[in-house]
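Let me begin by presenting the structure, written as structure tokens, before commenting on it.
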Amino acid sequence: MSDIKRRKMEDIDLTDIDIETDEVLNLEEVYYQEGFQEGQERGAKQQLMEGKEFGYQTGFQRFLIIGYITGLLEDWRTNIEKYGGLGNKSFENHLSQLEDLMKQIQLTNGDEEVATFEKVIGKARNKLRLLATLTKENWKISQVDSLVKEIGGQLQVSENVDDLW
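All residue numbers for the sequence shown refer to the UniProt record's numbering, where the first residue is 1 and numbers rise by one.
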């Protein structure tokens, strides 16, 4: 090296140089933290999407059952003459009770409403079985489970799924 460069290097006080060596030495930690944060954000977004999909599926399945029951009620009401007419008070009474049960189901999704749905749907199942026996049309409810599974997938409930139907 030339003498000029040596003199300049000798004149520099190394304590005056401010170099952040921690950042350079911890480069791996910085990238690890960035990756961790990105993973956390992606995971939260994915969980939100999965939760929404689950909610849509569960709501669809539950309202599929409600729609099927409502359809049976309308069919039985429309064809009441076929089942003994208005003189069949027992049949008429059970139809009214099932209609009252269906009116208890709320369209909201709070904890109380879900518990009410599961309780009411169990009672409705029993009424449906009774009405199907009275009308000698058990075939109308025997395929409900397979129909619901085929169209809406496996029903998610907080109780035993076998107890629903």
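Think of the CB as a built atom: it goes at the ideal place given N, C-alpha and C, for glycine as much as any other residue.
Margin query: Among 44, 26, 76, 64, whose alpha-carbon lies nearest the alpha-carbon of residue 136?
Written below: For the purposes of this step, residue 136 is taken as the residue at position 136 of the sequence shown. Comparing Cα-Cα distances from residue 136 to each of 44, 26, 76, 64, the minimum goes to 76.
Next item on the list: My understanding is that residue 126 touches residue 132, with C-beta atoms under 8 Å, so please give their C-beta distance in whole angstroms.
Entry: Stepping through the sequence shown from its first residue, residue 126 is reached at position 126. Stepping through the sequence shown from its first residue, residue 132 is reached at position 132. 11 Å between Cβ atoms; not a contact.
Next item on the list: Can you tell me which of the three DSSP states residue 143 falls into?
Entry: If you number the sequence shown from 1, residue 143 lands on position 143. Coil.
Margin query: For the alpha helix (DSSP H) containing residue 57, name the first residue and the last one.
Written below: The residue labelled residue 57 in the question sits at position 57 within the sequence shown. It spans 27 to 78 - the alpha helix (DSSP H) in which residue 57 sits, taken as one unbroken run.
Check: Should the segment 107 to 124 be regarded as contacting the segment 53 to 71, the criterion being three or more beta carbon pairs within less than 8 Å?
Finding: Because the criterion of three Cβ pairs below 8 Å is met, the segment 107 to 124 and the segment 53 to 71 touch.
Checklist line | Same chain only: Cβ atoms within 6 Å of residue 83, ignoring 5 sequence neighbours per side | finding: Walking along the sequence shown from the start, residue 83 turns up at place 83. Cβ within range, chain order: 91, 135.
Check: Does DSSP classify residue 164 as helix, strand or coil?
Finding: On the sequence shown, residue 164 is found 164 positions in, with the first residue counted as 1. With a pLDDT of 49 at residue 164, under the threshold of 50, the modelled position of that residue is not reliable, and the figure given next carries that caveat. Judged by DSSP in its simplified three-state form, residue 164 adopts coil rather than helix or strand.
Notebook entry, point to check: If we count the other Cβ atoms within 10 Å of its Cβ and call it buried at 16 or more, is residue 27 buried or exposed?
Noted result: Taking the sequence shown and counting its residues from 1, the one referred to as residue 27 is at position 27. Residue 27 counts as exposed, since fewer than 16 other beta carbons sit within 10 angstroms of its beta carbon.
Margin query: What would DSSP say about residue 98, mapped onto helix, strand or coil?
Written below: For the purposes of this step, residue 98 is taken as the residue at position 98 of the sequence shown. The answer is helix: DSSP assigns residue 98 an H, G or I state.
Margin query: Between the alpha carbons of residue 46 and residue 34, how many angstroms are there, rounded?
Written below: Against the sequence shown, residue 46 aligns to sequence position 46. Against the sequence shown, residue 34 aligns to sequence position 34. Between residue 46 and residue 34, the C-alpha separation is close to 18 Å.
Notebook entry, point to check: Going by alpha carbons, who is nearest to residue 94 out of 147, 113, 72, 56?
Noted result: On the sequence shown, position 94 is the one that residue 94 refers to. The shortest Cα separation from residue 94 among 147, 113, 72, 56 belongs to 72.
Item checked: For residue 99 and residue 81, the rounded distance between their alpha carbons -> Position 81 of the sequence shown, counting from 1, holds the residue named residue 81. Position 99 of the sequence shown, counting from 1, holds the residue named residue 99. Residue 81 and residue 99: Cα-Cα distance of roughly 18 Å.
Check: Taking the Cβ atom as the reference point for each residue, do residue 123 and residue 107 lie within a distance shorter than 7 Å?
Finding: Position 123 of the sequence shown holds residue 123. Position 107 of the sequence shown holds residue 107. At a Cβ-Cβ threshold of 7 Å, residue 123 and residue 107 do not count as neighbours.
Next item on the list: Work out the CA separation of residue 110 and residue 32 for me, nearest whole Å.
Entry: The sequence position of residue 32 within the sequence shown is 32, counting from 1. The sequence position of residue 110 within the sequence shown is 110, counting from 1. The alpha-carbon atoms of residue 32 and residue 110 are separated by roughly 40 Å.
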